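Reviewing the structure listed below.
Protein chains in written order, with this note's numbering: chain A, 5 to 97; chain B, 135 to 624.
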C-alpha cells in the first residue's frame with residue numbers, strides 16, 4: 005500500500021512530527037510504503053501530519069483512492085496505526 | 135526552480151557587489167566573519183524550502199508560472215496564503231533567532247503588484263506587465279530581493295524637494311529614451327548585501343512638486359553605480375576574535391543592514407515600475423508598510439520563542455526554575471509573544487483581494503500588530519534579563535574559561551577558577567550555563583539586539599506611523615453612534 009505523507013509547515017509544533025512518521029514506518033515496515041506526497045501520483049491514502057490542532061497543511065492537490073487521515077498530536081499514532089491496519093485488511097483482499 | 139542553500143551562497147559569489155566596512159572595500163564579503171552569519175540566516179529560507187517537514191509553509195504554487203516557488207517570492211492568493219506567510223516567518227525566527235532578511239522583498243512584490251495595476255488603470259501605462267515579467271524572473275531564479283523603501287530623509291521638517299541636498303531622497307535625475315538615471319540612497323536596508331536584486335520604492339506620500347521622487351524600479355546588486363556601506367552592530371567585532379564561539383551568543387546566524395547608495399544608476403524602462411506618478415507613491419508606501427507590519431507578527435514571535443526557551447533554560451541552569459515568580463515571568467513572556475502572533479494571524483485572516491487579485495492584509499489590525507511589536511519584545515527581553523541575572527553581562531570571556539594560566543596558590547588555572555565560581559545547578563555544565571547566558575546577552579544588547587529591539591521599534595515604521603494609521607482606521611464616528619444608541623442620545 006502506498007501512503008502519501010504531507011506535513012504542515014511546522015511553525016510551532018506541539019510534538020515531533022518527524023518522529024511520529026518514523027514510528028509509523030517502523031510499525032508497518034514492509035507492508036506500507038510511505039512517501040512524501042507529490043502531485044501526479046495517486047496514493048492509496050494520504051497521511052496529513054500537523055503540528056497542532058489547526059493541522060493547516062494544504063493537501064487538496066493530491067489524489068488518493070481511500071481519502072485522507074490526519075494526525076495532529078503525538079497521541080494519535082495508535083489511532084492512525086489502527087486505521088491503517090483496517091485499510092490494509094481491505095487492501096489485501 | 136528552487137535553489138538549495140549552498141547554491142544560494144555560490145550565486146552570491148558570482149556577483150560583483152561593492153561592499154565597504156570600517157572604511158575599506160570588502161572583496162570577499164561572503165566569507166567575512168561579520169557578514170557570514172547574516173548570509174546563513176537567508177540560507178535557511180532556501181534550506182527549509184527543500185525539507186518536506188517545512189515545505190508547506192516555505193513554498194507555494196506561483197499564480198504566474200504554475201511552478202512551485204519559494205513563498206518569499208509568492209503573490210498572496212488567499213487569506214490562507216497570508217496566514218501561512220506569518221507562520222513561515224515564525225518558523226524562520228525559531229530556526230535563526232535572527233532577522234532572515236527576505237521579507238522586505240516579499241512585501242514589496244505584493245504591494246508593487248497591486249499598485250502598478252492601479253497606476254496603469256488611471257494612466258494607461260504598462261508598469262503592471264513589466265512588474266509581472268520581473269517577478270517571474272525572480273521566481274524562476276529563486277532570487278533574494280531587497281525591497282527598499284527608507285530614504286535618509288535629512289531634515290524631517292522638509293519635503294524631499296525642500297531639502298538643502300536634493301539627494302536625501304532617491305530621485306530621477308535624467309529621463310532617457312532607453313530608461314532613467316537615479317541618484318540618492320536607501321538607509322538601513324535589511325539584507326541588502328545578501329540580495330541579488332534591489333526593488334526600490336518611494337518612502338512617503340508625495341505632492342506634484344516632488345514628482346521626481348515618485349520612482350520605483352529594480353536593479354541587480356552589482357549594477358554600475360550601486361554600492362553599500364555596512365551598518366555596524368553592537369559588539370560586532372567579537373566576531374573577529376580568534377576562535378570566537380560562546381561569547382557570540384549566536385555564532386551561526388545574524389541580521390544585516392547597510393546604506394545602499396545610487397550614484398547615478400541607469401535603469402532600463404523594463405525595470406521601471408513608477409515614474410513621476412506622484413499620486414500613487416502614498417498607496418505603494420501604505421501597502422508595503424501594511425504587509426511589513428503584518429510580518430513582524432511572525433518573525434519577532436519566532437525569535438521570541440527562542441528567547442523564552444533560553445530564559446527557561448537559564449532558570450533551570452541557575453537552579454531557579456521552581457521559584458513561582460520565575461514561572462510567572464515565563465508565563466508573561468509567553469502571553470506577550472502569543473499576543474503578537476494573534477495580531478499577525480488576525481490581520482491575515484481579515485485580508486481581502488485587491489483590484490489586481492492578490493490579497494492585502496487588514497490595515498487596522500496590521501498596524502495594531504506592529505504597535506504591539508514596538509513594545510512587547512522589550513518587555514520579553516527585559517524579563518529574560520531578569521531571569522538570567524546580572525551574570526550575563528559580568529562574566530569573564532570565553533578565553534578566560536579556556537585559559538591554562540596558573541594563578542591560584544595551589545596552581546589553579548584561570549579556567550578552573552572560572553568554572554568553579556560560575557557553576558550553577560548540577561543539571562548542566564558551566565559551559566552550557568555560560569552559552570545560554572551569552573545568548574540572552576546577545577539578543578538583549580549585542581548584535582542580535584539590532585533585530586529584536588530597535589528593529590521592533592523602528593522597522594516597518596516607527597510607533598507614531600502606526601498610531602496615525604490606527605487613528606485613520608479606527609472608525610471613531612461609528613463608535614460614537616454606538617454609544618449614543620446605548621445611552622439614549624438622539
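Quick reminder that beta carbons are idealized off the backbone N, C-alpha and C, glycines included. Owing to the predicted nature of the structure, the values given are computational and were not obtained by experimental measurement.
Leaving out the 5 sequence neighbours to the left and right, which residues in its chain are closer than 7 Å to residue 197/B when beta-carbon positions are compared?
For the purposes of this step, residue 197/B is identified with residue 63 of the second chain, where counting begins at 1. Excluding sequence neighbours, residue 197/B sits near 209 and 211.
For the segment 51-69 of chain A, enumerate the residues whose C-beta is nearer than 7 Å to any C-beta of chain B, in chain order.
61 and 62
Spatial distance of residue 627/B from residue 442/B (CA atoms):
Shown here, chain B extends from 135 to 624; a query on residue 627/B therefore has no answer.
By the 10 Å Cβ neighbour count, where 16 or more other Cβ atoms means buried, how is residue 616/B classified, buried or exposed?
Here the question's residue 616/B lines up with position 482 in the second chain. The residue in question, residue 616/B, is exposed, as its Cβ has fewer than 16 Cβ neighbours within 10 Å.
For chain B, find out if any of its Cβ atoms is closer than 8 Å to the Cβ of residue 44/A; answer yes or no.
Mapped onto the first chain, residue 44/A falls at position 40. Not closer than 8 Å to any Cβ of chain B, the Cβ of residue 44/A fails to qualify, so no.
Name the residue from 57/A, 59/A, 30/A and 66/A whose alpha carbon lies nearest to the alpha carbon of residue 45/A.
Position 41 of the first chain holds residue 45/A. For the residues 57/A, 59/A, 30/A and 66/A, the minimum Cα distance to residue 45/A belongs to 66/A.
For residue 230/B, which residues in the same chain have their Cβ closer than 6 Å to its Cβ, ignoring the five residues on either side in sequence?
In the second chain, the residue the question calls residue 230/B occupies position 96. Result list for residue 230/B: 175, 178 and 387, in chain order.
Please name the residue or residues paired with residue 428/B in a DSSP beta bridge.
Taking the second chain and counting its residues from 1, the one referred to as residue 428/B is at position 294. Answer is none; residue 428/B lacks a bridge partner.
When the Cα of residue 55/A is compared with those of 5/A, 20/A, 95/A and 41/A, which residue comes out closest?
The residue you call residue 55/A lines up with position 51 of the first chain. Checking every option, the nearest Cα to that of residue 55/A belongs to 20/A.
Return the CA-CA distance between residue 29/A and residue 363/B, expressed in angstroms with no decimal places.
What you label residue 29/A is simply residue 25 of the first chain in a count that begins at 1. What you label residue 363/B is simply residue 229 of the second chain in a count that begins at 1. Straight-line Cα distance between these residues: approximately 52 Å.
Tell me which residue opens and which closes the alpha helix (DSSP H) that residue 293/B is part of.
Here residue 293/B is taken as the residue at index 159 of the second chain, counted from 1. Taken as a continuous stretch (DSSP letters only), residue 293/B belongs to no alpha helix (DSSP H), as it is neither H nor E.
Below 8 Å on C-beta distance, what does residue 38/A contact in chain B?
Numbered from 1 along the first chain, position 34 holds the residue referred to as residue 38/A. Within chain B, no residue comes near residue 38/A; the closest Cβ sits about 11 Å away, beyond 8 Å.
Backbone secondary structure at residue 336/B - three-state DSSP
Working through the second chain from its first residue, we reach residue 336/B at position 202. Residue 336/B falls in the coil class under three-state DSSP.
Rounded to whole angstroms, what's the CA-CA distance from residue 308/B to residue 265/B? Just pull it up for me.
Translated into the one-based positions of the second chain, residue 308/B becomes position 174. Translated into the one-based positions of the second chain, residue 265/B becomes position 131. Their Cα atoms are separated by approximately 21 Å.
Measuring only the C-alpha atoms, how far is residue 530/B from residue 191/B?
Translated into the one-based positions of the second chain, residue 530/B becomes position 396. Translated into the one-based positions of the second chain, residue 191/B becomes position 57. Each residue's Cα considered, the two are about 42 Å apart.
Any Cβ of chain B within less than 8 Å of the Cβ of residue 11/A?
One-based indexing of the first chain puts residue 11/A at position 7. Output row for residue 11/A: interface = yes.
What is the DSSP secondary structure of residue 12/A, counted as helix, strand or coil?
On the first chain, residue 12/A is found 8 positions in, with the first residue counted as 1. Reduced to three states, the DSSP call for residue 12/A is coil.
Keeping to the same chain, check which residues put their C-beta closer than 7 Å to that of residue 249/B; ignore five residues upstream and five downstream.
As a first step, residue 249/B must be located in the second chain, where it is residue number 115. 414, 417, 418 and 421.
Please report how far the alpha carbon of residue 500/B lies from the alpha carbon of residue 446/B, in whole angstroms.
Taking the first residue of the second chain as position 1, residue 500/B is located at position 366. Taking the first residue of the second chain as position 1, residue 446/B is located at position 312. Cα to Cα, residue 500/B sits roughly 30 Å from residue 446/B.
Given that residue 129/B touches chain A, what residues does it touch there, using C-beta distances under 7 Å?
Residue 129/B lies beyond the stretch modelled for chain B, which goes from 135 to 624, so this question has no answer here.
Excluding the 5 residues flanking residue 581/B on each side, which residues of the same chain have their C-beta closer than 7 Å to its C-beta?
Position 447 of the second chain, counted from the first residue, corresponds to residue 581/B. These residues qualify, in order along the chain: 367, 368, 369, 370 and 388.
Can you tell me the Cα-Cα spacing of residue 214/B and residue 282/B, whole angstroms?
The sequence position of residue 214/B within the second chain is 80, counting from 1. The sequence position of residue 282/B within the second chain is 148, counting from 1. Each residue's Cα considered, the two are about 26 Å apart.
Going by other Cβ atoms of all chains shown within 10 Å of its Cβ, with 16 needed for buried, is residue 571/B buried or exposed?
Numbered from 1 along the second chain, position 437 holds the residue referred to as residue 571/B. Buried.
Residue 379/B by DSSP, collapsed to three states: which one?
Mapped onto the second chain, residue 379/B falls at position 245. Correct three-state label for residue 379/B: coil.
Which chain D residues sit within Cβ distance under 9 Å of residue 30/A?
The structure shown contains no chain D; the protein chains it does contain are A and B.
Curious, which full-length alpha helix (DSSP H) runs of at least 4 residues does the segment 11-44 of chain A contain?
21-32
Which complete beta strand (DSSP E) runs does the segment 237-305 of chain B hold, if anything under 3 residues is left out?
279-282
Which same chain residues end up closer than 7 Å to residue 436/B when comparing Cβ atoms and leaving out the 5 residues on each side of it in sequence?
Residue mapping note: residue 436/B aligns to position 302 of the second chain, counting from 1. Closer than 7 Å at the Cβ level, and outside the excluded window around residue 436/B, lie 223, 224, 225, 226, 227 and 228.
What residues in its chain sit with their C-beta under 7 Å from that of residue 470/B, if we drop five residues either side in the sequence?
In the second chain, residue 470/B corresponds to position 336, counting from 1. For residue 470/B, where only same-chain residues beyond five positions count, the Cβ hits under 7 Å are 510, 513 and 514.
Quick check: what's the CA-CA separation for residue 274/B versus residue 573/B?
Position 140 of the second chain, counted from the start, is the residue given in the question as residue 274/B. Position 439 of the second chain, counted from the start, is the residue given in the question as residue 573/B. Approximately 37 Å between the Cα atoms of the pair.
Helix, strand or coil: which one does DSSP assign to residue 318/B?
What you label residue 318/B is simply residue 184 of the second chain in a count that begins at 1. Residue 318/B: strand per DSSP, three-state reduction.
For the pair the segment 234-249 of chain B and the segment 292-304 of chain B, tell me if three or more CB-CB distances fall below 8 Å.
no
Between which two residues does the alpha helix (DSSP H) containing residue 477/B stretch?
Here residue 477/B corresponds to residue number 343 of the second chain, with the count starting at 1. It spans 458-483 - the alpha helix (DSSP H) in which residue 477/B sits, taken as one unbroken run.
Taking contact to mean at least 3 C-beta pairs separated by less than 8 Å, is the segment 24-38 of chain A in contact with the segment 80-94 of chain A?
yes
Residue 188/B versus chain A: which residues are under 8 Å apart at the beta carbon?
What you label residue 188/B is simply residue 54 of the second chain in a count that begins at 1. The answer, in chain order, is 11, 13 and 14.
With 8 Å set as the bound, which would you pick, yes or no: does the beta-carbon of residue 8/A sit closer than that to a beta-carbon of chain B?
Position 4 of the first chain, counted from the start, is the residue given in the question as residue 8/A. It does not; no Cβ of chain B falls within 8 Å.
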